[in-house]
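Chains as they are written, first to last, in my numbering: chain W, 1 to 111; chain S, 1001 to 1113. Notes for the one structure printed next.
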Amino acid sequence: RKEVEQDPGPFNVPEGATVAFNCTYSNSASQSFFWYRQDCRKEPKLLMSVYSSGNEDGRFTAQLNRASQYISLLIRDSKLSDSATYLCVVGGSSNTGKLIFGQGTTLQVKP
Amino acid sequence: NAGVTQTPKFRILKIGQSMTLQCAQDMNHNYMYWYRQDPGMGLKLIYYSVGAGITDKGEVPNGYNVSRSTTEDFPLRLELAAPSQTSVYFCASRPTGRNSPLHFGNGTRLTVT
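Okay, here's the thing in structure tokens:
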């Protein structure tokens, strides 16, 4: 089993749609969780960290489910500019520093 | 503030050649990372370091070596380059702390022919 897994998609949605991505992880001791966005194989950019209680940033909501070992990203009111690859990142126990990426989920928002 | 600087941006190597990818950060971050990204794939961790003098293998370390003699620099060495090492290489750093995010360099696009 891979350490971090994502559905690669692609997800094709119309503008204004709500779309959700999940990311599962295998290490139950993981302590760090992030969502990154990547455009055209440029360097990934931080979208948001994921906190235990869940967190929201505008149209984006991230949640952590420790019992089932997954994190999720919800995008509301999709914009054309949201078209990108979304990468989840999971880190091990607090002092190891190791951060593993999922393979990414491609989102294409259509007019 | 330059952040994370990677050099070179592009490189073409012949099979069997060696090279060093340079990475430097000026943010005094303890943690540094090397990832590779093949077409259509996510980033794979090659090596990482939690501080000067300490390095650890990631998911795909074979064919690579690293060193961390200073906090600022984390070079990645390719010995005996192979076509399978054709990829985009990203260096990243972050401060200590569970929720500290990665700061990336612009990447090095390497082709081995």
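In this text, a Cβ means the ideal position worked out from N, Cα and C, and glycines have one as well. This one's a predicted model, so the numbers in the text were calculated from it and none came from an experiment.
Not a single CB atom of chain W sits nearer than 8 angstroms to the CB of GLY1003 of chain S.
For ARG76 of chain W, there is no enclosing beta strand (DSSP E), as DSSP gives it neither H nor E. When secondary structure is reduced to three states using DSSP, LEU80 of chain W falls in the helix class. Put simply, the backbone Cα of PRO10 of chain W is about 34 angstroms away from that of GLN1025 of chain S. Cβ neighbours of LYS1057 of chain S within its own chain (closer than 7 angstroms, five residues either side excluded): TYR1047.
When Cβ-Cβ separations below 8 angstroms define contact, GLY1053 of chain S makes no contact with chain W. Between the beta-carbon of ARG37 of chain W and that of ALA84 of chain W there is about 5 angstroms, and that keeps the pair under the 8 angstroms contact cut. Sorting S:ALA1052, S:PRO1039 and S:SER1100 by C-alpha distance to the C-alpha of GLY91 of chain W places S:SER1100 at the top. Burial is judged here by how many other beta carbons sit within 10 angstroms of a residue's own beta carbon; ASP77 of chain W has fewer than 16 and is exposed. Taking 8 angstroms as the threshold, the shortest C-beta distance from TYR1048 of chain S to chain W falls below it. In the structure shown, the three-state DSSP call for SER49 of chain W is strand.
Contact between ALA20 of chain W and LEU73 of chain W holds: their C-beta atoms lie close to 7 angstroms from each other, under 8 angstroms.
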